Amino acid sequence: MRVFNAIIGFCLLFLCGGNQLNAGQQSDAATAAAPIRFAVAQAPLNLDPRYATDAASERVNRLIYHSLVDFDAASKPIPKLATWVAISPKEYRFTLNKSSASFHNQAALTAHDVKATYDSIKTLKDSPHAAEFTNIAYIEVIDESTVTFHLKQADQHFAAKLIIGILPKGLISKNHDFSHQPVGNGALEFVSWQNKLSLKRTTDGQMITLTEVKDPTVRVLKLLRGEADLLQGDLPPELVKHLQAKPEIIVKASQGANFSYLGLNMRDSVLKNLKVRQAIAHAIDRQAIIEKVMVKNTRIAGAILPPEHYAGNAGLKPYDYNPTLAKQLLLEAGIELPLKLIYKTSTDAQRVRFATILQAQMRPAGIDLEIRSLDWGTFFEDVKQGRFQLFGLTWVGIKTPEIYSTAFGSQNFPPNGFNRGRFSDAELDSLLAKEDWPAATSRIHAQLPYIPLWYEGQFAAFNKNIKNYLPKPDGNWDDLATIAYKK
Amino acid sequence: MTGAAMFLIKKLSSLATVVFGVLLLTFLLIHLVPGDPVEVMLGESANMADREALRADLGLDKPLIQQFGSYLAKLAHGDFGRSIHTKTPIIDLIKTRYPATVKLAVLSLIIGLIVGVPLGIYAALKANHWQDFIVTIVSVRLSAMPAFWLGPMFMLIFAVWWGWLPVSGMEPNTSIILPAMTLGFGLSAILTRMTRTSLLEVLNDDYIRTARAKGLSEKTVIFRHALRAALLPIITIVGLQMGSLLAGTVITETIFSWDGIGRLLVESIEKRDYPVTQACVLIVALSYVLVNLLTDILYQLADPRVRRA
Amino acid sequence: MKKFSYSILGSWLIAVVLGHLLQLNPNAIDLNVILSQPTTSHLFGADDLGRDILARILSGVEVSLIVALIVTVVSLGIGVLVGLLAGFYGGRVDAVLMQITDVFLAFPGILLAIAFAAVLGPGIGNLIMALCLTGWVSYARLTRGQTMSLRNRQHVQAAESLGASVPRLLFRHILPLLASILVVEATYSLASVMIAEASLSFLGLGIQAPNASWGAMLRDAVRYMLVAPHYVLIVGGCLMSLILAINLGGDHLRDTLDVRKEVS
């Protein structure tokens, strides 16, 4: 029978041409007991904050655990679990807030937990975060709510590094499997993790589930069908517009702060010439791309950190699209046209779409761009190993201006940092050492180790019976702490 | 009896060789592809000493042959190791993922058989009539479309427009139907064609003519004699298809968020989670050879010529 | 039925030639007409970069057919050689060759495809290689089975006793009898290679942008099926018609060559 229906369905499909998409059935789930179902493009991999490195895990961990420090809108570090004072450049004293919630296993959060968490990171052999804390000499518990970090070398930005969620000491010593059964003291308490991740909000018992749905079309279909209540990001703008037109769906948009760029290889005989890099910058029509194939609220970018960041630079003048000038710059650099360049990117369809547009925009400038889309593992490995001429990537969730040193400092070639393009500039190094951010960002913008592209706009789409959720500039999911069904 | 035992022993030993070959091939490929598990674990900014320590810890500093040997030794003790990313024991991953793939494969096969074989018989009986033509066109249409086209179309029609079935996911129980249909319809197209062809051939065979000449009813001739003989190629096809279904159907599993072994395999490759890749390939190869063995046994049982002899 | 299939095949070939004559530009992007409906300037509408869908279909069918043809021919060559040797010599040679064949069958082809793209770089050549590496196996099995039964035929035995060399026996006395069944099998696999190319494209391992293949187009079209249904229906319909034609052609070929009678 089903088969028969399928055949009919097929015929119908050809008859109605797919234009009569009717409204997705509203789920009858608008009761407080029903979970809020969040369809995500990529499920978290590891819920132990000492191991997590992927964006999804970090976003969930922010909700399950609390860290000592968080950031304000200008990305300045602010107290979260604790306030701090620098007793000396090498000593930081943290005092836990009296009102901090206890752990989900009822244990109270004390200074011992803070010490145990950071001590364990230092001793774990395979923690990707261990390198960030090698500067800690030892951690001293003063009393139940006070703890002092003693450093080997002075570090005035030390506080901003303490963003790892605090784990309960009792479970750390028992080698508890935090990766799969996290216990923190955040807004969401872990319940179960089979095919979906189930979390319970501690304040009102609201259940929230996360399901991985890789395919963007399927995510939209699930939202329309009422099988998912919320989705965020990772859709082509056409689908966002489609959702906006649906009366039963609400789309909320905000500016983004994640920086997309083209990375260039300074070891390349052609690309080490500044004129060539300038030519490439003038051969990209960012405005046209943002208008035509990006979601709303996407902004042209000048530097890794956006202008509203305390180390941001609003004065950077974007390179305009000028293929004639680009061609002239190439000729001045003594390049024989067309200049052949290889651009590496992932296999993600939207990324390949950008690549194709870049290729078309660069052609009139005399640049013949060859696209190589590689599976993520290969692509990222090639980037890290410096096997590229050009590549496209996005920095996600960057908060501290230290990124300028790790990405462009001459001492920060991999594996000592993220300077994958092997950019080396003495003037920039001295500006970075002085922490003169406006001058450093201007220097980077002029020297072009990266071609800055844009900060992609953020959006979330949800059922109209949902409220209290807004997308955040760095794409985090913090509003899962407040999201609720309308009464 | 000894013949059967010999047959089994021979088969099992060749089975072991094939699995060994697959493991070796995987091992070599993994070491050929760019991507370093130590760097995956520690990230880019780890210092050299930590890297070397972890590398030694994991035994990755030893020669390849030795690594392969110790991998096999661990396997022999049933130790698959842990995932690099999630730190989950791989045996647990397999225990949850593989049954999902098996469930989907079996249901797809059932759908394929229910749809394909009767259509094939029908087409053979009406050979070269318009009904035959229609059946062929419909079945080819279904088999012509890759899962990533068929799947979303089914979702659109059955889930979003008509609201009968869930779009994707593992629950409720009905959510298996759409992915099974997506796979089953492709399968049914092959089975339709195979059934039609082999039935037509058998119907021209001497012994069927004899049966007809003996005055047996057309029904008896077809269902008792012809269909049994036509079963052989169908068994072969079903065996081969089952083998590839159990290998996990990457695209269908991805589209329908079905947590099966195929998706696990591809994701593990993407994330360079090599212990998981190895384990998946092992399971896939094992199920392939086992299904093959089963097919061979069934073949022996079903072959009328063998039985007559 | 055969007229039907051959006319579809024929019209696609004509379309390809026409596409060349008209010098269509399948890669010209126009961000102002992204996913637009069919119009007079874009008869089949425009794709997600405002490229003409008709032009891309015409250049895509060429790519898809060429890939399918090369893969089929190469797989056929390897498979037949392995199968002939295994079936002719039997015994240990057969055992070893068949084990290798089984390894390739049991090995997940997707891993092979990813490894190829990763090590040698993505692109049409490596796509073809990856598909060949998994494609030859079924021919090897088929050829082996047939060769085994032909090996004991009188004319082969006679030629052997007259001192014919092994290559001569294989290629003059056995292969010709196999030809028809192989040709039919190859026809069917043309269609399945086209689907395989589409599936690899879905995983992003297919033809590199900006070049068109039907597999890559289908993947893009499915992405936008909610907003531009004409795209997914046009590309899907084209793929269906071509594969239908190829399969029906195969059916017809089998009937005319009457494969079974010759071999058994």
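Residue numbers (the numbering used here), protein chains in the order written: chain S, 41 to 527; chain D, 464 to 772; chain F, 72 to 335. Even glycine gets a Cβ: it sits at the ideal position worked out from N, Cα and C. Note that the structure is a prediction, hence the values are computed from the model and not measured.
- Looking at S:A122, S:G406, S:I179 and S:E252, the one whose alpha-carbon comes closest to that of S:E131 is S:I179.
- For F:A139, the closest Cβ of chain D is not nearer than 8 Å.
- S:F189 carries a strand assignment under DSSP once its states are collapsed to helix, strand and coil.
- In the DSSP assignment, S:K507 is bridged to S:A524.
- A check of alpha carbon separations from S:L365 across S:M402, S:L381, S:Y383 and S:A389 identifies S:M402 as the nearest.
- In terms of beta-carbon proximity, F:L253 stays away from the interface with chain D, with every pair separated by 8 Å or more.
- When beta bridges are read from the DSSP output, S:M247 appears opposite S:K240.
- The CB of S:S413 comes closer than 8 Å to the CB of P193, G275, Q279 and A280 in chain F, given here in chain order.
- Here DSSP, grouped into helix, strand and coil, assigns S:R462 to coil.
- If the five residues before and after S:S386 are omitted, its C-beta is found closer than 6 Å to the C-beta atoms of W416 and F419, all from its own chain and listed in chain order.
- Burial check for S:N503: the Cβ neighbour count within 10 Å reaches 16 or more, so the residue is buried.
- Beyond the five residues adjoining it in sequence on each side, S:R133 comes within less than 7 Å, by CB distance, of W124, V125, I127, T186 and T188 in the same chain, given in chain order.
- Taken in chain order, the members of the stretch 289-307 of chain F whose beta-carbon sits within less than 9 Å of a beta-carbon on chain S are R290, D291, V293, R294, Y295, M296, L297, V298, A299, P300, H301, V303 and L304.
- Three or more Cβ pairs closer than 8 Å define a contact, and the stretch 550-562 of chain D falls short of that threshold against the stretch 636-656 of chain D.
- Think of a sphere of 7 Å around the beta carbon of S:K336: no beta carbon from chain D falls inside it, the nearest being about 25 Å out.
- In the same chain as D:R735, and ignoring 5 residues on each side of it, the C-beta atoms closer than 7 Å to its own belong to G498, P500 and V503, in chain order.
- Residues are counted here when their Cβ sits less than 8 Å from a Cβ of chain D; for the stretch 430-442 of chain S the count is zero.
- Bridge pairing for S:R427: absent [DSSP].
- Chain S has no Cβ within less than 8 Å of the Cβ of D:M657.
- Counting only the Cα atoms, S:A501 lies some 12 Å from S:P287.
- Secondary structure within the stretch 371-398 of chain S: the beta strand (DSSP E) runs of 3 or more consecutive residues, fully enclosed, are 379-386 (chain order).
- Runs of alpha helix (DSSP H) with 4 or more residues, each lying fully within the stretch 577-659 of chain D, are found at 593-607 and 610-617, listed in chain order.
- Within chain D, the C-beta atoms nearer than 7 Å to that of F:V174 come from V481, G484, V485 and L488, in chain order.
- Contact between F:V174 and D:L488 holds: their C-beta atoms lie close to 6 Å from each other, under 8 Å.
- The shortest CA-to-CA distance from S:A194 to any of S:N175, S:A92, S:L264 and S:D183 is the one to S:N175.
- Contact between S:L275 and S:V260 holds: CB atoms are separated by about 7 Å, below the 8 Å threshold.
- The straight-line gap separating the alpha-carbon atoms of D:A622 and S:A73 is approximately 24 Å.
- With respect to the C-alpha of S:A177, the residue from S:D159, S:H169, S:T522 and S:E184 having the closest C-alpha is S:D159.
- Under the 8 Å criterion on CB atoms, D:D542 is classed as non-interfacial with respect to chain S.
- In the DSSP annotation of this structure, the continuous segment of the alpha helix (DSSP H) that includes S:K209 starts and ends at K209 to S213.
- For F:T214, the enclosing alpha helix (DSSP H) starts and ends at I195 to R222.
- For S:G449, the closest alpha carbon among the candidates S:K439, S:V436 and S:L471 is that of S:L471.
- Taking 8 Å as the threshold, the shortest C-beta distance from S:S115 to chain D does not fall below it.
- About 4 Å separates the beta carbons of F:V303 and F:M296, which is inside the 8 Å limit, making them a contact pair.
- D:R687 is classed as exposed because its beta carbon has fewer than 16 other beta carbons within 10 Å across all chains shown.
- For a cut-off of 8 Å, the C-beta gap from D:A610 to D:I714 is around 5 Å, short enough to register as a contact.
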